[in-house]
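Student: The opening residue of the sequence shown carries number 147 in my numbering; numbering runs sequentially from there. Backbone N, C-alpha and C define an ideal beta-carbon position, used for all residues, glycine too. Structure below; questions to follow.
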Amino acid sequence: MFFKLLNYLDGYVTITLPEECLEKFVNLATTRGIYLWGITGAIGERVALNVRRRDVQPLRHVARMTRCRFQIMHRYGLPFYAGRLRRRRALVGGALFFVVVLYALSSFVWFIDITGNNAVDDEKIAGVLRKAGLHRGVPRWSLDTAKLEKAVMQQVGGLAWVGVTVDGTRVVVKVVEKVLPPDNGEHPVDLVAKKDGLIKEILVLSGHPLVQEGDTVTAGQVLISAAIPPPEIDEEDENNADMPEEDEQRPPVQYVHARGIVRARVWYDDYKEIKLEEKITRPTGREITKLCMKIGGKEIILMGPRQVPYTHYAEHAEVKRLPQWRNINVPVEFITVKYVEQDIYINKISRAEARDLAGDRAMEELRGRMPGNVKILQTKLQEVKTASEEDIVRVRLQVETLEEITVEKPHQPGGGGSGIDG
């Protein structure tokens, strides 16, 4: 590969000469230090071979001494292409004009990206930037990023930070919005159930309980309401109440931030299958690496085999690309592929081992769905039988836990299940 690259940069030609004087011609050229390669048969009784461009003139002396004339058939390499371009001045001028225009266009801003905003509208930020001098087609050297950042911060509300960066023909405006502090309890908040369960313990610190021990609740049901109803009136007071003004003196409903602890029995269920015979692959420790260079759609192998010598293998590829220049992507990639040989064997286990393995996997998956401080009360592992004997073991695991099931949710009058109209 390196030899071909040097010959391309220096230039080389393909010549033809009679077959009967090939041996004398090659021997005399070799003694004079002239390198010849690619000797192949040509049309008729002539042979073709390659020689460097700078060795063509010394080769003419060799031809005179051997009385053997040669003909130049083809010319290859950068010097010959450069000579052709000198004769095509219009093409060279057009290419230079294209490069100049491309460089001039790359000195202006054509793309403006605004990122990081959710509540603030893009058009509002873009309007402030236009007034500050940032718009499509503006020269890059005329931009003052500090001035743009200051203008956006002063004229757009709800922003905590603004950053403006220029990347080629693209200007990226990154903003960070202000984050309001979390709710401090001033607004009424209910405690609702985040999952189904059977109430085992309930401790109310503030609020009105809507459930009690032994009740079955579903996800989203209000457990402790933020609305505290007024105290109930005794029957004697109701019988003695003969003045309508007493209804007006009844205390109103109070709203608080509900707090408390509600523990419930929660059930989890999972199903798993394990095969008694399983095909397993494992690395043997042998591996081989191949290095390729990809130019456009053509792939050239620089190092390593053309075919993988392993029957079973795992492939790991790493691609490195040439860095982007301005907005031009150079279509050259260097690919490193590592082939790791794999050994395949059949792993056989008994039904008891498969049952235990399926139970362990089911428990591992259920623990991922449980909170960290959960208390497991009971586990039940049951094998699912089928009508016919199979090489698969099916199990169902049921786990009963005791856990905290409350989650805070803003209070909705009339919609939280409290039955209280504020």
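Identify every residue that forms a DSSP beta bridge with V350.
Tutor: The residue given as residue 350 occupies position 204 in the sequence shown. Partner(s): G406.
Student: So, are the CB atoms of A339 and A372 less than 7 Å apart?
Tutor: Within the sequence shown, residue 339 is the residue found at index 193, counting from 1. Within the sequence shown, residue 372 is the residue found at index 226, counting from 1. The answer is no: Cβ separation not under 7 Å.
Student: With distance defined between alpha-carbon atoms, name the residue in V402, L437, R501, G283 nearest to A250.
Tutor: Position 104 of the sequence shown, counted from the start, is the residue given in the question as residue 250. Closest option to A250, Cα to Cα, is G283.
Student: Give me the Cα-Cα distance between N196 and I492, rounded to the nearest whole angstrom.
Tutor: On the sequence shown, position 50 is the one that residue 196 refers to. On the sequence shown, position 346 is the one that residue 492 refers to. Rounded to the nearest angstrom, the two C-alpha atoms are 58 Å apart.
Student: Looking only at DSSP bridge pairs, what is R542 linked to?
Tutor: For this step, residue 542 is matched to residue 396 along the sequence shown. The partner list for R542 (beta bridge, DSSP) reads Y417, Q528.
Student: Do the segment 297 to 317 and the segment 235 to 255 make contact, defined as three or more Cβ pairs closer than 8 Å?
Tutor: Because the criterion of three Cβ pairs below 8 Å is met, the segment 297 to 317 and the segment 235 to 255 touch.
Student: Under a three-way DSSP split, which group does N473 fall into?
Tutor: Here residue 473 refers to the residue found at position 327 when the sequence shown is read from its first residue. Note: N473 maps to coil in three-state DSSP.
Student: Could you give the residue range of the alpha helix (DSSP H) that holds M509?
Tutor: As a working mapping, residue 509 is identified with position 363 in the sequence shown. 497 to 515 is the extent of the alpha helix (DSSP H) around M509.
Student: Should T552 and K484 be called a contact, given that it needs their Cβ atoms to be closer than 7 Å?
Tutor: Position 406 of the sequence shown holds residue 552. Position 338 of the sequence shown holds residue 484. Their beta carbons are not under 7 Å apart, which means T552 does not touch K484 by this criterion.
Student: Please go through the same chain and pick out, in chain order, the residues whose beta-carbon is closer than 6 Å to the beta-carbon of L468, but skip the five residues on each side of it.
Tutor: As a first step, residue 468 is located in the sequence shown; it is residue number 322 there, counting from the start. Within the same chain, L468 has close Cβ partners V476, V478.
Student: Determine which residues share a DSSP beta bridge with E461 and list them.
Tutor: Along the sequence shown, read from residue 1 onward, the residue named residue 461 stands at position 315. For E461, which the question treats as bridged, DSSP gives the partners Y485.
Student: Would you be able to state if there are at least three C-beta pairs under 8 Å between the segment 208 to 221 and the segment 160 to 174?
Tutor: At 8 Å Cβ cutoff, the stretches touch.
Student: Taking only the alpha-carbon atoms, compute the straight-line gap between P376 and V408 and give it to the nearest angstrom.
Tutor: If you number the sequence shown from 1, residue 376 lands on position 230. If you number the sequence shown from 1, residue 408 lands on position 262. Going by the C-alpha atoms only, they are around 23 Å apart.
Student: At which residues does the alpha helix (DSSP H) containing I271 begin and terminate?
Tutor: On the sequence shown, position 125 is the one that residue 271 refers to. It spans 268 to 278 - the alpha helix (DSSP H) in which I271 sits, taken as one unbroken run.
Student: What residue range does the beta strand (DSSP E) around F257 cover?
Tutor: Within the sequence shown, numbered from 1, the residue matching residue 257 stands at position 111. Per DSSP, F257 belongs to the beta strand (DSSP E) from 257 to 261.
Student: Go ahead and label Y414 buried or exposed: buried means 16 or more other beta carbons lie within 10 angstroms of its beta carbon, across all protein chains shown.
Tutor: By one-based count along the sequence shown, residue 414 stands at place 268. Counting Cβ neighbours within 10 Å, Y414 comes out buried, since at least 16 surround it.
Student: Near V238, what residues of its chain come up, given a Cβ to Cβ distance below 6 Å and the 5 sequence neighbours on each side ignored?
Tutor: Counting from one through the sequence shown, the residue named residue 238 turns up at place 92. Taken in chain order, the residues that qualify are L231.
Student: Could you confirm whether any beta carbon from chain C is found closer than 7 Å to the beta carbon of G314?
Tutor: No chain C is part of this structure, which consists of one protein chain only.
Student: Taking the continuous beta strand (DSSP E) assigned at Q203, which residues delimit it?
Tutor: The sequence position of residue 203 within the sequence shown is 57, counting from 1. Per DSSP, Q203 belongs to no beta strand (DSSP E); it is in the alpha helix (DSSP H), 202 to 212.
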